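Position in the sequence shown counted from 1, then plus 62, gives you our numbering.
We put the CB at the ideal spot given by N, CA and C, even for glycine.
All values reported here derive from a predicted model rather than from experimental measurement.
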Amino acid sequence: MSQASARHILVDSEAKCEELKAEIENGRDFAEVAKQHSTCPSGRSGGDLGTFGPGQMVPEFDKVVFNGDLNTVHGPVKTQFGYHLLEVTSRS
Numbered sequence: 063m064s065q066a067s068a069r070h071i072l073v074d075s076e077a078k079c080e081e082l083k084a085e086i087e088n089g090r091d092f093a094e095v096a097k098q099h100s101t102c103p104s105g106r107s108g109g110d111l112g113t114f115g116p117g118q119m120v121p122e123f124d125k126v127v128f129n130g131d132l133n134t135v136h137g138p139v140k141t142q143f144g145y146h147l148l149e150v151t152s153r154s
């Protein structure tokens, strides 16, 4: 079974998500942005979601995590929780 590790940032608007994505793409550390801005409890640990398999997260995450490029900031990804930036850190 496939496994992946990822981290994310959750915010309440697409515009905020785009703003934070630009900051990261301009050299700001993903984990620091997560600690400062994410509304998810995982933000305290830099957005780390740990390791998980397909179907363990919402479907919108699976599409990105199991198909997107590694170590690239993906998003905004809209879910029922809000808007996310996702970074896949490993996949096997």
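Residue nearest to residue i in terms of C-alpha spacing, selected from the options
| i | options | result |
| --- | --- | --- |
| His99 | Ser75, Pro116 and Ser152 | Ser75 |
| Pro116 | Val139, Glu149 and Asp124 | Asp124 |
8 angstroms contact criterion, which residue i and residue j should meet: CB distance rounded
| i | j | result |
| --- | --- | --- |
| Gly137 | Lys78 | Contact flag wrong, Cβ pair sits at about 11 angstroms. |
| Glu149 | Asn133 | 7 angstroms |
| Gly108 | Arg69 | 6 angstroms |
Start and end residues, alpha helix (DSSP H) containing residue i
| i | result |
| --- | --- |
| Pro138 | It is not in any alpha helix (DSSP H) - Pro138 instead sits in the beta strand (DSSP E) that spans Val135 to Thr141. |
| Val120 | That residue, Val120, is in no alpha helix (DSSP H); it is neither H nor E in DSSP. |
Backbone CA spacing between residue i and residue j [nearest angstrom]
| i | j | result |
| --- | --- | --- |
| Ser152 | Gln142 | 25 angstroms |
| Glu81 | Phe92 | 13 angstroms |
| Phe114 | Arg106 | 19 angstroms |
Run of the beta strand (DSSP E) containing residue i, from where it starts to where it stops
| i | result |
| --- | --- |
| Phe128 | First-last for Phe128: undefined, no H or E at that position. |
| Val73 | Ala66 to Val73 |
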